[in-house]
Amino acid sequence: WSKVQSAKFAILEHQMDPSSNFSSYRSTLKAAMWRSVGATDERQRIVVPFFSLLVKDLYFLNEGCSN
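Read in order, the letters of the sequence shown are residues 1 to 67 in full-length UniProt numbering.
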């Protein structure tokens, strides 16, 4: 982590703040999804979600729908 620029680390730290159920991360992911739709470069179309949060959401969605 010592080689990561402090400004980039601060942005990452803010985006992955767990408060409000990762609301900052979710907003960033939503914006990335919208940008990827209109992207002309193939690399800009790739959006990789934070896997453990995705699994958590799927788990709670499944639990909520099982009733």
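Ideal Cβ placement from N, Cα and C applies to all residues, glycine included.
On a CA-only basis, which of the options is nearest residue i? Give me that one, please.
i: residue 16; options: 53, 57, 42; result: 53
i: residue 28; options: 12, 42, 41; result: 12
i: residue 60; options: 21, 41, 8, 44; result: 21
i: residue 45; options: 62, 63, 34; result: 34
Assuming residue i and residue j form a contact by the criterion Cβ under 8 Å, report the distance between their Cβ atoms to the nearest whole angstrom.
i: residue 6; j: residue 14; result: Contact flag wrong, Cβ pair sits at about 13 Å.
Using C-beta distances below 8 Å, list every residue in its chain close to residue i, excluding the 5 sequence neighbours before and after it, in chain order.
i: residue 19; result: none
i: residue 32; result: 47
Taking 8 Å as the cut-off, decide whether the C-beta atoms of residue i and residue j are in contact.
i: residue 36; j: residue 47; result: yes
Ignoring anything shorter than 4 residues or poking outside the stretch 19-60, list the alpha helix (DSSP H) runs there in chain order. 19-37
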